[in-house]
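Everything on this sheet refers to the single structure shown next.
Number of protein chains: 2
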Amino acid sequence: MRQVDIIGADMTAFGPQIETPLVELGARAAIGAIKNAGIKPSQINIGFFANMQAGNITGEFTVGQNILWEAGVNRIPVFNVENACTSGASAFNLAWTSIISGMYDVAIVVGAEKLVVPNLGLLQAGATELNVLEGGVVITNFASRANLHMDTFGTTKEQLAMVAVKNRQHAGMNPLAQFRKPITVEEVLNAPMMADPLTKLSCCPNADGGAAVVLCAAELSNRFTSKPIHVKASVLVSGIYDQLPDLFKFEEDLRAGSMAYEMAGLGPEDLHVVECHDAFTICEIMHYEGLGLCPVGEGGRLVESGATSLGGKIPVNPTGGLLSKGHPLGATAVAQIVEGVRQLRGEAGDRQVEGAKVYLAECMGAEKFGDAKTCTIIILQN
Amino acid sequence: MRQVDIIGADMTAFGPQIETPLVELGARAAIGAIKNAGIKPSQINIGFFANMQAGNITGEFTVGQNILWEAGVNRIPVFNVENACTSGASAFNLAWTSIISGMYDVAIVVGAEKLVVPNLGLLQAGATELNVLEGGVVITNFASRANLHMDTFGTTKEQLAMVAVKNRQHAGMNPLAQFRKPITVEEVLNAPMMADPLTKLSCCPNADGGAAVVLCAAELSNRFTSKPIHVKASVLVSGIYDQLPDLFKFEEDLRAGSMAYEMAGLGPEDLHVVECHDAFTICEIMHYEGLGLCPVGEGGRLVESGATSLGGKIPVNPTGGLLSKGHPLGATAVAQIVEGVRQLRGEAGDRQVEGAKVYLAECMGAEKFGDAKTCTIIILQN
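Quick note, the sequences are listed as chains R and V, same order. With numbering that gives the first Met the number 0, letter number 205 in the first sequence gets 204, and the count goes up by one each step, no holes. With numbering that gives the first Met the number 0, letter number 273 in the second sequence gets 272, and the count goes up by one each step, no holes.
This is the structure:
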């Protein structure tokens with residue numbers, strides 16, 4: 000199989016950017032990634048744009064063409080991709096497949112989203128679906144999972160809160176993160192209750208932002224960079240739906256993870272840095288388990304041990320994660336890849352994991368009958 | 000390069016289907032295509048869903064996962080793709096690339112759209128973009144092109160009207176078309192004026208509908224069908240934007256067409272049937288020229304000659320086209336492929352082109368500075 004490298008990456012700050020149009024958020028990231036890759040826009044053969052809510056919020060479409068035009072890219076095939084929170088990783092997966100096909104050598108993936116708008120109404124998400132109409136909106140789903148995890152494994156509210164505290168601490172080392180002021184376990188527990196046990200500080204914020212990466216066939220990447228980052232695996236799965244899942248674990252993580260580890264020829268013990276989809280504190284704990292960082296049921300104790308903090312055995316969400324870096328949906332999973340590139344190049348500043356060689360990014364989106372509709376895992380190596 | 004076949008195809012009727020949800024429109028087509036392919040849902044490795052307006056109209060997302068679940072398909076990678084009117088052909092292009100990559104053997108492409116809704120507001124299309132804010136909405140763009148074509152080449156209003164008359168006549172032979180009652184040149188000319196010279200009968204109607212095809216690596220397709228349809232070319236380009244185009248011709252057709260013909264090892268003289276993006280009558284005339292069915296400027300005279308009618312030298316839009324079959328955006332370009340499969344299998348009923356062996360589908364979407372943002376060409380052979 001043809002090998003693929005990442006040769007350029009960039010992103011905007013995440014957080015409210017009220018005056019900046021969606022196209023500009025994407026274009027800033029795209030221009031930055033192209034510059035970072037050391038290529039000309041005309042050397043890009045195919046482009047993908049990831050976004051989830053532009054159609055809903057402003058009625059915009061074919062936004063990727065507009066963004067790439069602003070970045071000096073035209074003529075080439077451009078695709079607009081939506082896959083909920085995994086939109087960016089899905090676009091990346093398609094770009095990777097396109098290069099593997101041999102039909103393209105260089106691809107750009109851009110993700111951008113504007114969520115800091117009036118009347119966003121994300122609670123409507125999936126509102127044409129039966130389980131949502133019955134009350135299963137995103138936060139109540141994850142509150143149920145949290146309660147089940149606590150009942151089944153003895154996970155504590157304090158352990159849940161420690162995820163938010165840790166990721167806020169990490170965000171303090173990330174100048175692009177939305178929330179950087181340290182918080183305590185007490186503050187998380189005493190924040191306004193959203194859906195018991197999840198308080199406001201247990202939930203990721205809405206953010207605006209853009210991120211982009213440039214991929215290249217590995218046999219050509221040394222034309223552009225002396226520090227190519229190798230894509231060892233890119234996996235996307237959808238849920239099973241037709242079996243009742245154990246709600247205290249992420250079957251999709253286990254399934255996508257085993258596929259990704261096999262593809263990469265690596266295991267969880269080989270990882271040096273992880274970013275995962277910590278939309279709510281409980282998610283990160285369940286992702287520890289789904290990705291094999293600890294046995295199922297041990298996630299609460301893993302965060303409490305400090306193993307997933309910077310300086311620990313396997314730092315998770317060094318950027319601050321969705322919880323503190325922010326969650327501009329289409330940009331989120333692309334930004335995870337940007338962080339992978341920076342960690343593996345040794346360019347992650349204060350949050351650099353020393354000697355990082357293997358990086359994993361996990362993302363998950365939308366729910367149906369207790370199973371994620373889409374789950375992505377990407378493994379990178381320097 | 001790995002060869003790819005189409006092994007199954009199906010579609011719903013096009014037209015108002017007020018009581019049918021989007022997911023059901025897509026699922027009906029998907030189930031039909033899977034059955035037509037003679038495969039089990041579990042034999043499909045990857046899925047793509049094309050839609051343009053669901054986010055805008057109902058706020059729905061990850062719709063493809065819901066549709067495929069209804070069709071018995073889950074676990075696999077599923078991608079939601081938007082590329083304006085070419086969404087379906089763009090999804091098809093990605094499915095084709097995925098099989099060429101060698102990572103997947105069988106792919107499904109579904110397109111569906113619900114447009115017959117209150118307050119659709121397609122005039123807002125692109126309304127965050129400068130040229131649209133300045134008045135360049137879709138219909139005025141094409142009215143300008145029509146006037147320029149008439150001024151430059153002597154194309155007549157009657158010739159424009161003949162496109163609508165021909166396609167309505169064809170639709171009379173297509174039980175799935177939205178409008179089947181014959182019309183006359185006089186009726187087209189005397190219909191309410193929308194943007195001179197385009198009257199209401201010169202414009203395609205909004206429709207609901209779904210369409211789906213199943214693709215398979217060619218070396219495996221004989222497991223499923225004795226009548227595989229070979230994909231000879233699938234090309235997607237975006238516009239140039241940075242050069243002022245001649246508005247009386249489609250530069251994107253010329254560029255994508257030459258790429259597709261080269262890929263297929265065929266030329267316009269080899270085609271037996273064509274479907275093209277006749278969103279307005281002038282479009283079909285300009286597509287004749289862009290695809291090389293006649294020299295630039297001769298399109299009006301080509302339709303008048305009867306060459307593009309069923310029974311003529313090169314029938315165009317035997318289904319009735321967008322003008323009479325209807326235009327449910329995400330389904331449109333997939334339905335063009337369904338027609339290609341039916342024509343090349345000899346299953347097109349009253350509108351069958353005898354001995355059809357080579358089929359071309361062209362689609363075009365969205366505009367920026369007088370150039371289409373996306374243009375797709377697919378060539379099929381039996």
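All C-beta atoms in this analysis are idealised placements derived from N, C-alpha and C, irrespective of residue type, glycine included.
Within chain R, 60 have C-beta atoms less than 7 Å from the C-beta of residue 51 of chain V, given in sequence order. In its chain, beyond the 5 residues on either side, 232, 234, 376, 378 have a beta carbon closer than 6 Å to the beta carbon of residue 259 of chain V. With contacts defined as CB atoms closer than 9 Å, residue 46 of chain R and residue 63 of chain R qualify as a contacting pair. With contact defined as three or more Cβ pairs closer than 8 Å, the region 350-369 of chain R and the region 5-24 of chain V are not in contact. Note that the C-beta distance between residue 238 of chain V and residue 373 of chain V is below 9 Å.
Relative to residue 142 of chain R, the option among R:109, R:199, R:128 whose CA is nearest is R:199. Taking CB atoms only, residue 331 of chain V has no neighbour in chain R less than 9 Å away.
Restricting attention to beta strand (DSSP E) runs no shorter than 3 residues, the region 159-234 of chain R encloses them at 192-194, 208-216, ordered along the chain. Between residue 75 of chain R and chain V, the shortest Cβ-Cβ separation is below 9 Å. Residue 217 of chain R places its beta carbon less than 9 Å from that of residue 3 of chain R. Taking the beta carbon of residue 238 of chain V as reference, the chain R residues within 9 Å of it are 64, 68, 73, 74, listed in sequence order. The beta-carbon separation of residue 270 of chain R and residue 357 of chain R, rounded to 5 Å, stays under the 8 Å limit for a contact.
Per DSSP, the beta-bridge partners of residue 358 of chain R are R:272, R:379. Taking C-beta atoms as the reference points, residue 338 of chain R and residue 274 of chain R count as a pair closer than 9 Å. Residue 46 of chain R: member of the beta strand (DSSP E) spanning 45-49, first to last residue.
In chain order, 298, 299 place their CB closer than 6 Å to the CB of residue 284 of chain R, counting only its own chain and leaving out the 5 sequence neighbours on each side.
By alpha-carbon distance to residue 74 of chain V, the top candidate from R:308, R:252, R:0 is R:252. Inter-residue distance for residue 159 of chain R and residue 13 of chain V is about 51 Å (C-alpha atoms, whole angstroms).
Residues of chain R whose Cβ lies closer than 7 Å to the Cβ of residue 100 of chain V are, in chain order, 96, 99, 100.
Distance from the CA of residue 353 of chain V to the CA of residue 345 of chain V, rounded to the nearest whole angstrom, comes to 8 Å.
The C-beta separation of residue 278 of chain R from residue 219 of chain R comes to about 37 Å, leaving the pair out of contact by the 8 Å criterion.
Only residues of its own chain outside the window of five on either side were considered, and among them 84, 282, 286, 321, 361, 362, 363 have a CB closer than 7 Å to the CB of residue 276 of chain R, listed in chain order.
According to the DSSP assignment, residue 92 of chain V belongs to no beta strand (DSSP E) but to the alpha helix (DSSP H) extending over 86-99. Residue 23 of chain V carries a helical assignment under DSSP once its states are collapsed to helix, strand and coil.
DSSP places residue 363 of chain R in the strand class (E or B) of the three-state scheme. For the region 360-374 of chain V, the set of residues with a beta-carbon nearer than 8 Å to any beta-carbon of chain R comprises 364, 365, 367, 372, 373, in chain order. For the region 225-254 of chain V, the beta-carbon criterion of a distance under 7 Å to any beta-carbon of chain R is satisfied by 235, 236, 237, 238, 239, 240, 241. Taking a C-beta distance under 9 Å as the contact criterion, residue 128 of chain V and residue 303 of chain V do not qualify as a contact pair. Beta-bridge pairing by DSSP links residue 78 of chain R to R:47. Note on residue 312 of chain R: under 16 other CB atoms within 10 angstroms of its CB, so exposed under the neighbour-count rule.
Interface with chain V (9 Å Cβ-Cβ cutoff): residue 55 of chain R is included. Close to residue 82 of chain R, with beta-carbon spacing below 8 Å, are these residues of chain V in chain order: 61, 77, 78, 79. For residue 349 of chain R, the three-state secondary structure derived from DSSP is helix. In the structure shown, residue 12 of chain V falls within a coil segment according to DSSP collapsed to helix, strand and coil. Residue environment for residue 341 of chain R: buried (at least 16 other C-beta atoms within 10 angstroms of its C-beta).
Residue 150 of chain V sits in a helix when the DSSP states are folded into three classes.
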